[in-house]
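J.: I'd like to ask you about the structure that follows.
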């Protein structure tokens, strides 16, 4: 298979295929099909990355129908990086979920079909080349994510899913209204066509469209103060679902913000330079607020969920710095670091909760001597979240600080350092409790070794990526992301 277009199509069709197969096989089944499919998806993504490294960005008209009648797909360095992250995290999470969900469990009943649909939506979003198809794939991701949160059927899970659904619908509605305004102004929704059309002297309707789309996507990304839905959704879902949502789903809407910010709305942003400080200010508030809530959270999964609110804030610190390639590399490096580390944290926490039968930080007392590998995985992921060398988190923060100081924005560098110190506080809060010699009310429950191994694999990857992350970020030079 030497055609990049065919690879793009198969990256969308494969997860849909094994999702349908999982549904036909029946409740709770489909794990083997999903794992095989994800292995193939990872191979296809690596092949696509190699092909684009030599030939540059590629596009494909599905079915041979050109725009505006057909569906256009496109891949460049930015989209390939997001595709790589998606498959790299989804594959170990699938292995983890296979061992996590007991046969016949209510929570795992629809996990495999919904996960396949979610991954098809993510892959489609990263490859879509027009604003409307981006909306369709964004909806596919959001609705399947809501279904995964509600799958357990508990009162708290359904309530969290409804809150998530409301946020997703409002965010999508704002985005779609912006798309309609753009189409009314220019008669096209193609990203490639809109690039030269959107100029600094654009009509007010285009400025309004950009504002609506930005706010809607910020809501979907759970950027402070639009984060109200995230802690309950991520903190109340089963561990594999929490890991998927935190590591991948919220990154999809951030990717879309970044994509639109750079092009086609680059001319508008260049005219209103102060606009870039809005996401930076909200990102700084997210770091402070999310970290404070994580430090005080009584439940371990809520601690990790609020940590996600804080860590998402780093992604928005890059917007005043986007004139340099270093800022884009810093942002994407943090996407990888946070994705791998947060998936590791949620999976490790899932093991510890199953083992102890408790979901509170206080309930972890004395667990270090009984489940050292799970705690070690949590600690390795914490190294990445704190930004300690040689982790990918350290590399991301180093690149961000370097870009900030080069442009004289010392306040951004300061926020990075403050956020790292606050992350240290909530990570060590968990580790300290785990090493306490406290009497336990009962014996620890045995869990499959696969759960601990997958948590460790994700955590180790988040650290080791710091040694080769610069080479990976070189993919950003492919196509329009250069």
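In my numbering, the protein residues as written are -9 to 472.
Cβ coordinates follow ideal geometry from the N, Cα and C atoms, glycine included.
Everything numeric in this text was worked out from a predicted model, so none of it was measured.
Taking 8 angstroms as the cut-off, does the region 399 to 409 touch the region 261 to 277 (at least 3 CB pairs, one atom from each stretch)?
T.: These segments touch.
J.: Count the C-beta pairs between the region 337 to 355 and the region 215 to 234 that are closer than 8 angstroms, then say yes if the count reaches three, no if not.
T.: Short answer: they touch.
J.: In chain order, what residues of the same chain lie with their CB nearer than 7 angstroms to the CB of residue 460, ignoring the 5 residues before and after it?
T.: Contacts found: none.
J.: Do residue 363 and residue 446 have their C-beta atoms within less than 8 angstroms of each other?
T.: In this structure, residue 446 lies closer than 8 angstroms to residue 363 by Cβ.
J.: Please determine if the region 342 to 354 and the region 311 to 326 are in contact, where contact requires at least 3 C-beta pairs separated by less than 8 angstroms.
T.: In short, these stretches do not touch, since the Cβ pair count stays below three.
J.: Return the chain-ordered list of same chain residues with a C-beta closer than 7 angstroms to the C-beta of residue 296, the five sequence neighbours on each side being excluded.
T.: Closer than 7 angstroms at Cβ, skipping near neighbours: 221, 280, 283, 284, 287.
J.: Since residue 224 is in the alpha helix (DSSP H), which residue starts that stretch and which ends it?
T.: Its alpha helix (DSSP H) spans residues 220 to 226.
J.: Between the Cα of residue 208 and the Cα atoms of 150, 292, 251, which residue gives the shortest distance?
T.: Of the listed residues, the one whose Cα sits closest to residue 208 is 251.
J.: Whole angstroms are fine: how far does the CA of residue 174 sit from the CA of residue 46?
T.: Cα-Cα distance, rounded: 32 angstroms.
J.: Per DSSP, residue 50 forms a beta bridge with which residues?
T.: Paired residue(s): 63.
J.: May I ask you to check if the CB of residue -2 is nearer than 7 angstroms to at least one heavy atom of the ligand FMN?
T.: Of the ligands one can find in the structure shown there are none, so the ligand FMN has no counterpart to examine.
J.: Just mark residue 418 as buried or exposed, buried being the case when its beta carbon has 16 or more other beta carbons within 10 Å.
T.: Counting Cβ neighbours within 10 Å, residue 418 comes out exposed, since fewer than 16 surround it.
J.: Under a three-way DSSP split, which group does residue 17 fall into?
T.: In this structure, residue 17 counts as coil in the three-state DSSP scheme.
J.: Please state whether the Cβ-Cβ distance between residue 331 and residue 386 is less than 8 angstroms.
T.: Contact: no.
J.: Roughly how many whole angstroms lie between the Cα atoms of residue 413 and residue 177?
T.: Cα-Cα distance, rounded: 47 angstroms.
J.: How many Å lie between residue 21 and residue 260 at the Cα?
T.: Looking at the two C-alpha atoms, the distance is approximately 48 angstroms.
J.: Per DSSP, what kind of secondary structure is residue 118 in: helix, strand or coil?
T.: Residue state, collapsed to three classes: strand.
J.: Work out the CA separation of residue 184 and residue 168 for me, nearest whole Å.
T.: C-alpha separation (whole angstroms): 14 angstroms.
J.: Please state whether DSSP places residue 350 in a helix, a strand or coil.
T.: If DSSP states are grouped into helix, strand and coil, residue 350 belongs with the strands.
J.: Which residue marks the beginning of the alpha helix (DSSP H) containing residue 498, and which one marks its end?
T.: Absent from the structure is residue 498, since the part of the chain shown begins at -9 and ends at 472.
J.: Which partner residues does residue 286 have in the DSSP bridge list?
T.: Bridge partners of residue 286: none, in fact.
J.: Suppose contacts are defined by Cβ-Cβ distances below 8 angstroms. Is residue 12 in contact with residue 106 by that definition?
T.: Yes. Within cutoff.
J.: Would you grab the beta carbon distance between residue 194 and residue 141 for me? Rounded to a whole angstrom, and I think it's under 8 angstroms.
T.: Incorrect: roughly 44 angstroms between the Cβ atoms, too far for contact.
J.: Look at the alpha carbon of residue 60 and the alpha carbon of residue 133, and state the distance between them as a whole number of angstroms.
T.: Distance between the alpha carbons of residue 60 and residue 133: 24 angstroms.
J.: DSSP three-state call for residue 243: helix, strand or coil?
T.: Of the three classes helix, strand and coil, the one that applies to residue 243 here is helix, per DSSP.
J.: Excluding the five sequence neighbours on either side, which residues of its own chain have a C-beta within less than 8 angstroms of the C-beta of residue 85, listed in chain order?
T.: Cβ within range, chain order: 25, 440, 444.
J.: Does the Cβ-Cβ distance between residue 289 and residue 225 come in under 8 angstroms?
T.: Contact flag set, yes.
J.: Tell me the residue span of the alpha helix (DSSP H) that contains residue 375.
T.: 362 to 376 is the span of the alpha helix (DSSP H), which, as asked, contains residue 375.
J.: How big is the Cα-Cα spacing for residue 50 and residue 92?
T.: So the two alpha carbons sit approximately 42 angstroms from each other.
J.: With C-beta atoms as the reference, is residue 115 less than 8 angstroms away from residue 162?
T.: No. Outside cutoff.
J.: Buried or exposed: residue 424, going by 16 or more other Cβ atoms within 10 Å of its Cβ?
T.: Looking at its Cβ environment, which holds 16 or more other Cβ atoms inside 10 Å, residue 424 is buried.
J.: Between the C-alpha atoms of residue 482 and residue 131, what's the straight-line distance to the nearest angstrom?
T.: The requested residue 482 is not part of the displayed model; the chain covers only -9 to 472.
J.: Quick one: what's got a C-beta closer than 7 angstroms to residue 122's C-beta in the same chain, skipping five residues either side?
T.: Excluding sequence neighbours, residue 122 sits near 169, 179.
J.: Short check: CB of residue 511 to CB of residue 381, under 8 angstroms?
T.: Outside the modelled stretch of the chain, which goes from -9 to 472, sits residue 511, for which no answer is possible.
J.: Looking at residue 210 and residue 329, is the spacing between their C-beta atoms short of 8 angstroms?
T.: No, they are not a contact pair.
J.: Assign residue 69 to one of three DSSP states: helix, strand, or coil.
T.: In the structure shown, residue 69 sits in a helix (DSSP, three-state: H, G or I).
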